[in-house]
Each structure stands twice: as C-alpha cells, then as structure tokens.
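All remarks here apply to the structure that follows.
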Amino acid sequence: MAGVDHALWRQIIEQVVAEGGHIIRPWFTELEPLALENGLLEIQVPGEEEKHYCQRNAVELFTGAAQSATGRLVGVCFLTNAVTAEAPEPDEGNYQADREVRPVGALTQFQDDYTFDAFVIGPCNRLAHAAAMAVSEAPGRSYNPLFLHGSVGLGKTHLLHAACQKLLADNPAANISLLTCEAFVNQFIGAVEKGHLQQFRYRYRHADVLAIDDIQFLANHEQIQEEFFHTFNTLYQEHKQIVISGDRGPGDIAGLEDRLVSRFHWGLVARVDRPCYETRLAIVHKKARRRGILLPDEVACLIAGTINSNTRELEGAIAKVAMLAQVANREIDLNLAEDALGAEPVTKTREVTIEDILTAVTARFSVRQADLQSKKRSRSIAFPRQICMFLARSLTRHSLEEIGGYFGGRDHTTVLHANRTIDALRGHDPQLQATLDHLARDICATA
Ligand code: ADP
Ligand code: MG
Numbered sequence: 051m052a053g054v055d056h057a058l059w060r061q062i063i064e065q066v067v068a069e070g071g072h073i074i075r076p077w078f079t080e081l082e083p084l085a086l087e088n089g090l091l092e093i094q095v096p097g098e099e100e101k102h103y104c105q106r107n108a109v110e111l112f113t114g115a116a117q118s119a120t121g122r123l124v125g126v127c128f129l130t131n132a133v134t135a136e137a138p139e140p141d142e143g144n145y146q147a148d149r150e151v152r153p154v155g156a157l158t159q160f161q162d163d164y165t166f167d168a169f170v171i172g173p174c175n176r177l178a179h180a181a182a183m184a185v186s187e188a189p190g191r192s193y194n195p196l197f198l199h200g201s202v203g204l205g206k207t208h209l210l211h212a213a214c215q216k217l218l219a220d221n222p223a224a225n226i227s228l229l230t231c232e233a234f235v236n237q238f239i240g241a242v243e244k245g246h247l248q249q250f251r252y253r254y255r256h257a258d259v260l261a262i263d264d265i266q267f268l269a270n271h272e273q274i275q276e277e278f279f280h281t282f283n284t285l286y287q288e289h290k291q292i293v294i295s296g297d298r299g300p301g302d303i304a305g306l307e308d309r310l311v312s313r314f315h316w317g318l319v320a321r322v323d324r325p326c327y328e329t330r331l332a333i334v335h336k337k338a339r340r341r342g343i344l345l346p347d348e349v350a351c352l353i354a355g356t357i358n359s360n361t362r363e364l365e366g367a368i369a370k371v372a373m374l375a376q377v378a379n380r381e382i383d384l385n386l387a388e389d390a391l392g393a394e395p396v397t398k399t400r401e402v403t404i405e406d407i408l409t410a411v412t413a414r415f416s417v418r419q420a421d422l423q424s425k426k427r428s429r430s431i432a433f434p435r436q437i438c439m440f441l442a443r444s445l446t447r448h449s450l451e452e453i454g455g456y457f458g459g460r461d462h463t464t465v466l467h468a469n470r471t472i473d474a475l476r477g478h479d480p481q482l483q484a485t486l487d488h489l490a491r492d493i494c495a496t497a
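Shown next as structure tokens:
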C-alpha cells in the first residue's frame with residue numbers, strides 16, 4: 051500500500067463501511083490507496099466505469115472518511131491504473147458501474163456478470179426469469195413485448211442483460227439494442243438537435259431486439275413517447291422482440307400515454323418481488339463464491355437474515371464484510387460480520403415465523419390450524435401439513451425436531467419425509483410449484 055499508512059486506510063474503510071450504505075458496490079473490495087500528498091488522497095479503482103461511478107456517488111463518502119481519519123482537510127480523487135489517461139467519460143444514462151462493461155456489436159454494452167448462470171431463481175422472480183429465458187430462446191415468438199417490473203435492486207436489469215447476452219451468444223449476427231431509457235431519451239434529444247433524426251430512427255427501427263431499461267424515464271416526455279410508439283409499432287409488426295423494464299407496472303407509471311400502456315400489455319407483464327430468506331441466502335452464497343470470498347455459513351445466514359430490502363444491498367453487505375476483513379486482516383466470522391453490518395442501521399427483517407406459514411396455508415387450503423397440529427392423518431389435512439413442514443424447513447431456521455414437534459408431536463424423520471415428498475412432487479407438478487411460490491411470496495410479504 052504505497053504512500054498511505056495502512057492504519058489510516060483502515061480507519062477510512064471502517065468509516066466507509068459504516069456510512070456507505072447503498073453506495074457500496076461489490077468491487078469496493080478492490081479499491082486501493084495510492085498516495086496521500088498535498089492534501090489529496092488518490093484511490094485506485096478497477097476501471098473507467100467504476101471511476102465514473104465513484105466520481106458521481108462516492109466523493110463525499112470518501113472525503114468525509116478521509117477527513118475524519120486524518121483530522122485535516124483532504125480531497126479525494128479516483129484513478130484507474132490504465133496507462134491511457136484519456137478514456138472517454140461514459141454517456142449519461144449508460145449503466146452505472148457494477149463491473150467491467152464490455153462493448154458488444156456496435157450498439158450495446160453488456161454487464162459481464164449479468165448472465166442467467168449468475169441469476170438465482172426463487173418465488174420472487176420465477177416468472178420473470180422464465181419469461182426472459184423464453185424470450186431469449188424464441189425472440190419475437192414467445193412473449194412480445196416482455197415487460198418486467200419491480201422496485202430497485204431486484205434484478206430487472208440483470209435479466210434484461212442475461213436475455214440479450216444469451217440471444218447474442220446463440221445468434222452472433224443479431225442486431226441487439228439494449229440501453230437505458232435515459233440513454234434513449236438523451237440520444238433522441240441529441241438527434242433532434244443535430245438533425246440526425248433519420249439515423250436515430252433507422253438505428254432503433256431496424257433492431258432485431260430492442261431492450262429498454264427503466265422505461266419510467268419516458269414519463270411526461272410526450273414527443274419521445276410519440277417516437278417510441280412508432281418504433282414499437284414498427285418492431286412489433288415485424289415480429290422483432292421488445293423487452294422493457296420499469297420500476298412499476300405499465301398502468302402505474304404516471305405520465306405514460308394510454309396507447310403505450312395498452313401495448314405494453316399485449317405480451318407478458320411479469321413482476322419481480324423482494325427475495326425471501328431462502329432466495330437471499332442462495333444469492334449471498336452465489337455472489338460470494340463468484341467473487342472468491344469465503345463466507346462461513348453463519349455469516350451468509352446473518353447477511354440474508356439482516357438485509358431484506360433488495361439484492362443490491364445484499365451485495366453491498368458482502369462487500370462490507372470483505373472490506374473489513376481485508377483492512378483489519380481478520381478472518382471472516384460472525385463477529386466481524388456483525389461489526390461490518392451493525393455499524394449502520396440496517397433494515398432488520400422480521401424473520402418468517404411458523405405462525406406466518408400457518409396463516410397462509412390454512413387460508414389457502416381451508417383447513418384449521420388445530421387440525422394441522424393434530425394427529426389426524428386424512429389426506430385433506432396431511433397434505434397441507436406436509437406443505438407447512440416444507441415451507442418451515444425452507445423459510446425458517448427451526449430444526450427438523452422443532453418443526454416435527456410443533457406439528458402434532460411428530461419426529462424429525464416425518465419432517466424429512468414431508469420435505470422430500472413435496473420437493474419431488476413440485477418437480478413435476480407446475481401447479482404445486484406455483485402454489486408454493488404464491489405461499490412463499492405471501493409469507494415473505496408479511497414478514
Ligand atoms: P434492478 O434493475 O431491478 O434495479 P439489478 O438488475 O441492477 O436490479 O440488480 C441489482 C444487483 O442485484 C445486481 O448486481 C444483480 O446482479 C443482483 N441480483 C438481483 N437479483 C438477483 C438474483 N435473483 N440472482 C443473482 N443476482 C441478483
Ligand atoms: Mg435496473
């Protein structure tokens with residue numbers, strides 16, 4: 051760590067971890083202090099996109115941390131280690147850095163790690179994932195348009211990129227335009243100003259696939275909605291695939307013309323929900339593994355149990371733990387994770403309880419709680435009871451013994467058996483899978 055005292059950098063990082071909240075990105079673990087000279091702290095970032103991200107979002111955070119650590123007035127600048135000092139600034143509205151962005155074809159930039167492989171499927175996103183997959187396998191023929199919506203950090207952009215990357219891998223000649231709506235709006239305005247409207251139109255009306263991220267940016271831009279409307283119609287008539295994401299459903303975006311809203315409903319509208327505990331845990335494991343971070347089980351459980359807002363925050367939490375381990379040269383264990391996460395007020399999940407599960411299952415199957423907890427074995431009761439056990443196993447942290455005891459004093463082998471039975475059944479019964487997804491979603495929504 052040339053030029054910067056390790057203890058000082060550690061203090062800075064500790065404050066960044068404590069105060070960085072949603073600003074922290076997974077690649078923050080790769081930040082390195084280069085020098086502290088003449089009141090300027092130079093921090094190396096992995097690439098241009100990351101530099102741009104830090105300049106836009108993290109200057110105050112690091113300046114504050116550097117000033118309290120040194121007790122002096124310190125400025126901060128972010129540098130890449132690239133020799134080419136004059137890399138262009140990314141366009142406004144292009145993707146905020148999460149990882150290296152790789153240019154593909156003439157038009158599109160993909161996030162390398164936003165692939166289907168890297169995506170964890172759960173009840174919260176099963177439909178959206180399946181639809182994105184279907185679209186990438188049969189563009190223009192399965193769901194057109196595909197409209198994905200949900201609040202921030204739940205994987206919409208990830209799915210858009212995954213679908214487009216798969217399409218391109220299967221069909222390298224495809225003309226794929228994937229861009230944020232903000233970029234679309236800015237390019238339109240630029241084209242009007244420079245008199246290049248024809249080129250703009252040609253570019254988007256001749257795409258094989260047009261994927262627009264965060265369509266809510268169209269709201270109240272009447273002229274651009276008009277333009278988009280015609281683009282949409284041209285592509286649709288030619289059976290070209292259109293994929294759209296938004297922060298809410300088409301009908302709920304204020305300031306969006308009715309004719310667009312109705313077109314967005316022509317295909318499939320799929321919502322992405324907040325992930326439940328089980329999915330969060332799978333995401334934490336996957337993200338950590340992909341970044342080469344060794345997370346003990348109990349730490350992964352702590353992160354998944356503490357952060358329930360969205361996946362972006364989960365990634366931030368993993369980064370915090372890894373950063374703290376790095377600067378403090380400590381093993382990643384429960385204590386360290388608590389230090390990293392406890393440093394700021396995080397949204398505590400109320401964990402799913404067995405009562406939540408009972409409430410949902412009794413309502414769904416019209417059975418009484420007392421029967422589920424009784425010794426009765428008729429199928430109309432035994433089946434929902436097995437579902438309860440299965441859900442309790444996946445959504446709570448109770449042991450097999452506890453779950454068995456709760457449901458009529460049964461032993462752990464009964465719970466294991468129930469778990470295996472439901473797991474096997476759902477594998478070839480899509481209706482049961484849908485029921486389980488619904489239940490899990492309802493249960494997690496109340497938790
Ligand atoms: P959105 O576009 O909905 O705001 P993003 O697609 O940008 O959210 O996702 C935020 C982060 O969370 C990304 O790093 C993405 O890889 C990750 N993410 C979201 N959902 C999942 C998932 N189901 N599996 C793996 N990673 C996910
Ligand atoms: Mg997004």
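All residue numbers for the sequence shown refer to the numbering used here, where the first residue is 51 and numbers rise by one.
Glycine is no exception: its CB is placed at the ideal position from the N, C-alpha and C atoms.
{"Check": "Under the three-state DSSP convention, the category E87 falls into", "Outcome": "strand"}
{"Check": "Cut-off 6 angstroms between Cβ atoms - residues of its own chain near E266, not counting five sequence neighbours on either side", "Outcome": "This sequence places Gln at residue 266; Glu is not what is there. Once the five neighbours on either side are set aside, the close Cβ partners of Q266 are G296, D297, I303."}
{"Check": "Endpoints, the alpha helix (DSSP H) within which R321 is located", "Outcome": "Element bounds for R321: not the alpha helix (DSSP H) but the beta strand (DSSP E), 318-321."}
{"Check": "Close beta carbons around D389, own chain, < 7 angstroms, minus the five adjacent residues each side", "Outcome": "L374"}
{"Check": "Any non-hydrogen atom of the ligand MG within 6 angstroms of T207 CB", "Outcome": "yes"}
{"Check": "Where D297 sits in the DSSP three-state scheme", "Outcome": "coil"}
{"Check": "Whether V334 touches A354 by CB criterion (7 angstroms)", "Outcome": "yes"}
{"Check": "Local conformation of S416 per DSSP, three classes", "Outcome": "coil"}
{"Check": "Between the CA atoms of Y456 and N358 - distance to the nearest angstrom", "Outcome": "27 angstroms"}
{"Check": "Residue of T361, L466, Q275, R491 minimising C-alpha distance to V411", "Outcome": "R491"}
{"Check": "Helix, strand or coil at S118 [DSSP, three-state]", "Outcome": "helix"}
{"Check": "heavy atom of the ligand ADP below 6 angstroms from L486 C-beta", "Outcome": "no"}
{"Check": "Chain-order list of residues whose beta-carbon lies under 8 angstroms from that of Q448 (same chain, five-residue window excluded)", "Outcome": "The residue asked about is misnamed: residue 448 is His in this sequence, not Gln. Closer than 8 angstroms at Cβ, skipping near neighbours: I404, A442, Y456."}
{"Check": "Length-filtered (4 minimum) alpha helix (DSSP H) runs lying within the region 262-347", "Outcome": "272-287, 308-314, 327-340"}
{"Check": "CA-to-CA distance, N88 to L204, given in whole angstroms", "Outcome": "42 angstroms"}
{"Check": "Any 3 or more C-beta pairs closer than 8 angstroms across the region 76-91 and the region 111-130", "Outcome": "yes"}
{"Check": "C326 to C174 span [Cα, whole Å]", "Outcome": "7 angstroms"}
{"Check": "Helix, strand or coil at I226 [DSSP, three-state]", "Outcome": "strand"}
{"Check": "Beta-ladder partner(s) of E92, from DSSP", "Outcome": "A85, C127"}
{"Check": "Per-residue DSSP class, three states only, for A474", "Outcome": "helix"}
{"Check": "Own chain residues within Cβ distance below 7 angstroms of V67, not counting five before or after", "Outcome": "K370, M373, L374, A390, A393"}
{"Check": "Residue burial classification, K244 (beta-carbon count within 10 angstroms, cutoff 16)", "Outcome": "exposed"}
{"Check": "Any non-hydrogen atom of the ligand ADP closer than 6 angstroms to I333 Cβ", "Outcome": "yes"}
{"Check": "Any non-hydrogen atom of the ligand ADP closer than 6 angstroms to G203 Cβ", "Outcome": "yes"}
{"Check": "Anticipated Cβ contact below 8 angstroms, G172 with E328, distance rounded", "Outcome": "7 angstroms"}
{"Check": "E288 burial status per 10 Å Cβ neighbour count (16 or more: buried)", "Outcome": "exposed"}
{"Check": "Extent of the continuous alpha helix (DSSP H) run through F440", "Outcome": "429-445"}
{"Check": "Beta-carbon spacing of A261, C214 below 7 angstroms", "Outcome": "yes"}
{"Check": "Bounding residues of the beta strand (DSSP E) (the contiguous stretch that carries L198)", "Outcome": "196-199"}
{"Check": "Where the alpha helix (DSSP H) containing S424 begins and where it ends", "Outcome": "Note, S424: premise wrong, no alpha helix (DSSP H); not H, not E."}
{"Check": "N- and C-terminal bounds of the alpha helix (DSSP H) containing E100", "Outcome": "98-107"}
{"Check": "Alpha-carbon spacing of D167 relative to T207, whole angstroms", "Outcome": "15 angstroms"}
{"Check": "T356 at chain C interface by Cβ criterion, 7 angstroms", "Outcome": "No chain C appears in the structure shown, which is made up of a single protein chain."}
{"Check": "Cα-Cα separation, A468 to K425", "Outcome": "15 angstroms"}
{"Check": "Identity of the residues DSSP links to L260 by a beta bridge", "Outcome": "S227, I292"}
{"Check": "Pair within 7 angstroms by beta-carbon distance, I292 and P195", "Outcome": "yes"}
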